[in-house]
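Student: Using our numbering, you'd call the opening residue of the sequence shown number 3 and step up by one each time. Cβ coordinates follow ideal geometry from the N, Cα and C atoms, glycine included.
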Amino acid sequence: MQTDVLIIGGGCGGLETALELRKQVPDALITLVNPTASLVYRPWLIYLPAQHRRFEQVQVSLQQAAATYRLRLVTDTVRLLDHDRHQAEMALSEPITYRSVVVATGAPADKERIPRATSHALFPCDVAEALDFRDRFLALTQGGVTVILAGERPGPGLEYAGWLAAAVHERGLADRIQIRVVDHQDGLRALLGARAMARIERFLARKGVSWVAGQAVRAIHADGVELENGTSWMTALTAVVGPLRGVDIGLTTPVVDAQGFVQVQTTLQSVHRPDLFAVGDSIRLPAGSELPKTWMMTRRLATLVAQNLAAHLIGHDLRPLDIAKVRRSPLRMNMPDVGGWTVAVWDGRVLASGSWPLLLRTLVDRRYLKARTSPLSLTHLG
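#1: Assign A244 to buried or exposed, taking buried as 16 or more other Cβ atoms, counted over all protein chains shown, within 10 Å of its Cβ.
#2: CB-CB under 8 Å to T375, same chain, minus the five flanking residues each way: which ones, in chain order?
#3: CB V129 to CB L311, shorter than 9 Å?
#4: Quick check: what's the CA-CA separation for A218 versus S291?
#5: In its own chain, which residues sit with a C-beta less than 7 Å from the C-beta of R301, not counting the 5 before and 5 after it?
#6: Below 8 Å, how does it come out for the region 347-357 and the region 195-205: are there three or more Cβ pairs, yes or no?
#7: Taking DSSP's pairing of strands, which residues face L34 in a bridge?
#8: What residue from A289, Q261, A308, T254 has the CA that sits closest to W280's CA?
#9: Classify S284 as helix, strand or coil using the three-state DSSP reduction.
#10: Can you tell me whether G146 is helix, strand or coil according to DSSP?
#11: Answer yes if the region 25-36 comes into contact with the region 72-86, meaning at least three C-beta pairs across the two stretches below 8 Å, and no otherwise.
#12: Relative to the alpha-carbon of A106, which residue among S357, W213, D134, V249 has its alpha-carbon at the smallest distance?
#13: Nearest-angstrom Cα distance between S121 and I316?
#14: Given a cut-off of 9 Å on the beta-carbon distance, is the pair E172 and A260 in contact?
#15: Based on DSSP bridge pairs, tell me the residues matched to F279.
#16: Could you name the residues of the same chain whose beta carbon sits closer than 6 Å to that of A313, not counting the 5 residues immediately before and after it, in chain order?
#17: Given a cut-off of 9 Å, decide if D277 and H85 are closer than it, judged by their beta-carbon atoms.
#18: Comparing the C-beta of A111 with each C-beta of chain C, is any distance below 9 Å?
#19: Whose CA, out of A167, R136, A109, lies closest to the CA of G153?
#20: Distance, Cα to Cα, T240 vs R44?
#21: Extract the residue ranges of the beta strand (DSSP E) inside the region 137-201, only unbroken runs of 3 or more that lie entirely within it.
#22: Using a Cβ-Cβ cutoff of less than 6 Å, which residues in the same chain neighbour S357 once the five nearest sequence positions on both sides are dropped?
#23: Tell me, which residues are paired with Q4 by DSSP?
#24: Taking only three categories from DSSP, how would you classify A90?
#25: How is the alpha helix (DSSP H) around D29 delimited, first residue to last?
#26: Quick check on DSSP: helix, strand or coil for W348?
#27: Using beta-carbon positions only, say whether F135 and L124 come within less than 9 Å of one another.
#28: Measure the alpha-carbon distance for L333 versus R220 and round it to whole angstroms.
#29: Extract the residue ranges of the beta strand (DSSP E) inside the region 209-280, only unbroken runs of 3 or more that lie entirely within it.
#30: Just to confirm before moving on: does the CB-CB distance between V242 and K113 stay below 9 Å?
#31: Three-state secondary structure (DSSP) at R369?
#32: If you measure between the beta carbons of D367 and W46, is that distance less than 9 Å?
#33: Please say whether I179 and L142 have beta carbons closer to each other than 9 Å?
#34: How many angstroms separate the CA atom of S40 from the CA atom of Q271?
#35: In three-state terms, what does DSSP make of S379?
#36: Can you give me the Cβ contacts of W348 inside the same chain, cut-off strictly under 6 Å, excluding the 5 residues immediately before and after it?
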């Protein structure tokens with residue numbers, strides 16, 4: 003099997019790159035590889051335990067997008083990327099030979115970051131574990147639920163905790179199920195600022211949520227959590243949200259760093275392999291150019307990587323990402339959905355709080371999903 007461009011990963015980064023690339027290079031043969039025939043809208047996984055959304059509502063058909071945009075969809079997993087032969091070895095199907103490749107695999111949870119977490123915790127930002135976490139929470143009628151925020155992306159953990167608290171109240175179990183949050187390295191305060199965190203902690207306290215910040219987790223046990231300061235408690239269900247690692251597809255240093263993230267320039271082209279690009283959570287930008295690993299940021303980067311990949315295919319110069327401009331843009335706004343309530347924060351300043359700012363976020367979410375689940379027109383592709 004041969005292709006002009008191989009895109010590994012059919013999440014937001016992979017799909018958006020493929021659609022933008024089709025606009026840039028109408029005649030290119032674009033192959034999209036994903037383990038399933040659906041994209042999962044991960045920002046909505048937080049709603050599953052509270053049954054605020056069904057799993058069917060967080061999926062987008064890649065088959066429909068492939069048919070509409072003339073993509074070749076391969077439902078499989080890349081086992082090994084062979085740079086020298088420009089070939090991807092697949093788990094189930096024949097190898098794919100490519101001219102250029104885009105790594106858009108996302109970043110799964112780093113389950114080794116906290117001792118014993120692999121055996122005794124769930125990582126609900128990964129899809130399979132999100133479903134397992136939902137089922138276990140819905141089966142719970144008493145006991146404790148602990149959400150540990152750790153690593154590069156603590157925001158979804160806060161959102162999970164807020165919706166768990168909302169669900170406990172809706173089910174009339176507030177006196178029987180205790181929600182506890184541990185901000186392993188006080189990452190939320192660094193992300194949102196002291197003023198925002200003060201409001202969030204007060205809101206969650208009214209919902210009966212206990213909050214522990216700045217205390218590292220020593221270990222997670224089958225029935226409890228232990229902190230470095232010696233504090234421990236019993237818990238029936240533990241979730242860890244935030245620590246990330248790169249996907250293992252045979253990439254080695256210096257193409258990837260020690261955590262497995264693809265090292266790219268600000269053009270999103272590999273530092274060491276000019277035929278390799280990467281987008282989304284799978285990338286490591288140069289020091290000083292770091293950006294948050296969020297869905298909205300991935301969509302922004304997907305446009306640039308498609309434009310630069312198209313330029314690379316015809317030998318034109320690539321355009322670097324304007325880091326300063328991105329950092330001044332609304333993409334830097336944080337608006338966590340804490341059980342239907344939020345604090346909107348931009349550049350460390352609290353702009354608003356309450357439920358109404360979430361209307362904007364909901365509108366963006368729904369517009370994106372509608373655009374990707376409704377029949378699409380090819381007339382604008384030229």
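Tutor: According to the structure shown:
#1: Numbered from 1 along the sequence shown, position 242 holds the residue referred to as residue 244. Here residue 244 turns out to be Gly, not Ala, going by the sequence shown. Burial call: buried.
#2: Within the sequence shown, the letter at position 373 stands for residue 375. Correct list, in chain order: V62, S63, Q66.
#3: By 1-based counting over the sequence shown, the position of residue 129 is 127. By 1-based counting over the sequence shown, the position of residue 311 is 309. In this structure, L311 does not lie closer than 9 Å to V129 by Cβ.
#4: Position 216 of the sequence shown, counted from the start, is the residue given in the question as residue 218. Position 289 of the sequence shown, counted from the start, is the residue given in the question as residue 291. Those two C-alpha atoms are separated by around 27 Å.
#5: Position 299 of the sequence shown, counted from the start, is the residue given in the question as residue 301. These residues qualify, in order along the chain: C14, E18.
#6: yes
#7: As a working mapping, residue 34 is identified with position 32 in the sequence shown. Answer is I9, L75, bridged to L34.
#8: Along the sequence shown, read from residue 1 onward, the residue named residue 280 stands at position 278. One point to set straight first is that residue 280 is Ala, not Trp, in the sequence displayed. Residue A308 is the option with its Cα nearest to A280.
#9: As a working note, residue 284 is residue 282 in the sequence shown. S284: helix per DSSP, three-state reduction.
#10: In the sequence shown, the residue the question calls residue 146 occupies position 144. If DSSP states are grouped into helix, strand and coil, G146 belongs with the strands.
#11: yes
#12: Position 104 of the sequence shown, counting from 1, holds the residue named residue 106. Comparing Cα-Cα distances from A106 to each of S357, W213, D134, V249, the minimum goes to V249.
#13: Taking the sequence shown and counting its residues from 1, one reaches residue 121 at position 119. Taking the sequence shown and counting its residues from 1, one reaches residue 316 at position 314. Rounded to whole angstroms, S121 to I316 spans 49 Å at the Cα level.
#14: Here residue 172 corresponds to residue number 170 of the sequence shown, with the count starting at 1. Here residue 260 corresponds to residue number 258 of the sequence shown, with the count starting at 1. No.
#15: The residue you call residue 279 lines up with position 277 of the sequence shown. Answer is V104, Q271, bridged to F279.
#16: Walking along the sequence shown from the start, residue 313 turns up at place 311. Here the set comprises L320.
#17: Here residue 85 corresponds to residue number 83 of the sequence shown, with the count starting at 1. Here residue 277 corresponds to residue number 275 of the sequence shown, with the count starting at 1. Contact flag set, yes.
#18: Protein chains in the displayed structure number just one, and chain C is not present.
#19: For the purposes of this step, residue 153 is taken as the residue at position 151 of the sequence shown. The residue with the shortest Cα to Cα distance from G153 is A109.
#20: Position 238 of the sequence shown, counted from the first residue, corresponds to residue 240. Position 42 of the sequence shown, counted from the first residue, corresponds to residue 44. Distance between the alpha carbons of T240 and R44: 20 Å.
#21: 145-151, 179-185
#22: Here residue 357 corresponds to residue number 355 of the sequence shown, with the count starting at 1. The residues are G342, W343.
#23: If you number the sequence shown from 1, residue 4 lands on position 2. For Q4, which the question treats as bridged, DSSP gives the partners T99.
#24: By one-based count along the sequence shown, residue 90 stands at place 88. It is a strand residue.
#25: Translated into positions along the sequence shown, residue 29 becomes position 27. Careful: D29 lies outside any alpha helix (DSSP H) and carries neither H nor E.
#26: For this step, residue 348 is matched to residue 346 along the sequence shown. Looking at W348 - three-state DSSP - the assignment turns out to be strand.
#27: Taking the sequence shown and counting its residues from 1, one reaches residue 135 at position 133. Taking the sequence shown and counting its residues from 1, one reaches residue 124 at position 122. In contact: F135 and L124 (Cβ atoms closer than 9 Å).
#28: On the sequence shown, position 331 is the one that residue 333 refers to. On the sequence shown, position 218 is the one that residue 220 refers to. If I take the Cα positions, the gap works out to 34 Å.
#29: 212-215, 219-223, 226-229, 234-236, 239-243, 278-280
#30: Your numbering for residue 242 matches position 240 in the sequence shown. Your numbering for residue 113 matches position 111 in the sequence shown. Yes, the pair counts as a contact, with Cβ atoms nearer than the cut-off.
#31: The residue labelled residue 369 in the question sits at position 367 within the sequence shown. Three-state DSSP puts R369 in a helix.
#32: Within the sequence shown, numbered from 1, the residue matching residue 367 stands at position 365. Within the sequence shown, numbered from 1, the residue matching residue 46 stands at position 44. Going by C-beta atoms, D367 is nearer than 9 Å to W46.
#33: Residue numbering aside, residue 142 sits at position 140 when the sequence shown is read from its first letter. Residue numbering aside, residue 179 sits at position 177 when the sequence shown is read from its first letter. Contact flag set, yes.
#34: Locating residue 40 in the sequence shown gives position 38, where the first residue counts as 1. Locating residue 271 in the sequence shown gives position 269, where the first residue counts as 1. Going by the C-alpha atoms only, they are around 27 Å apart.
#35: Residue mapping note: residue 379 aligns to position 377 of the sequence shown, counting from 1. In this predicted model, S379 has a pLDDT of only 42, less than 50, meaning its place in the structure is not dependable enough to derive any value.
#36: Within the sequence shown, the letter at position 346 stands for residue 348. So the list reads M335, once near-sequence residues are dropped.
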